[in-house]
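What follows is a single structure, written as structure tokens, with notes after it.
Residue numbers (the working numbering): 7 to 99.
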């Protein structure tokens with residue numbers, strides 16, 4: 007993960023560094039399903055179009071930190087809720 011962050015930030019390379027937020031968002035949305043961070047990373051690399059890969063890491067972290075939270079996700083405020091697999095698993099959303 008650390009190497010991918012350095013490559014992305016310092017060298018402007020389109021890498022995906024899977025932290026707890028990306029792991030959660032990837033699995034909940036179905037964009038990057040996996041049981042390990044490496045599986046999620048590989049799935050996200052396939053799912054994200056090349057033109058968005060440089061910044062996708064940051065966008066997904068922010069989405070996981072502020073909208074798709076671990077304990078109380080804000081599904082009604084989510085801009086991608088229509089694309090998300092997770093909301094179907096929650097009652098009343």
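Ideal Cβ placement from N, Cα and C applies to all residues, glycine included.
**Study point:** residue 30 and residue 78 closer than 8 Å at C-beta
**Key:** Translated into positions along the chain shown, residue 30 becomes position 24. Translated into positions along the chain shown, residue 78 becomes position 72. Not in contact: residue 30 and residue 78 (Cβ atoms no closer than 8 Å).
Check your understanding: If you count every other CB in all the chains shown that lies within 10 Å of the CB of residue 69, and 16 or more means buried, which is it?
Key -> In the chain shown, residue 69 corresponds to position 63, counting from 1. Classification for residue 69: buried.
Review point. Would residue 61 be called buried (16 or more neighbouring beta carbons within 10 Å of its own) or exposed?
Key: Within the chain shown, residue 61 is the residue found at index 55, counting from 1. Result: exposed.
Practice item. Would you identify the three-state DSSP class for residue 23, choosing helix, strand or coil? Key: By one-based count along the chain shown, residue 23 stands at place 17. Correct three-state label for residue 23: coil.
Check your understanding: Do the CB positions of residue 86 and residue 27 come within less than 8 Å of each other?
Key -> Position 80 of the chain shown, counted from the first residue, corresponds to residue 86. Position 21 of the chain shown, counted from the first residue, corresponds to residue 27. No. Outside cutoff.
Exercise for review: Within its chain, find whatever has a CB closer than 8 Å to the CB of residue 54; leave out the 5 residues flanking it on each side and keep chain order.
Suggested key: Residue numbering aside, residue 54 sits at position 48 when the chain shown is read from its first letter. Excluding positions up to five away in sequence, the list reads 22, 37, 62.
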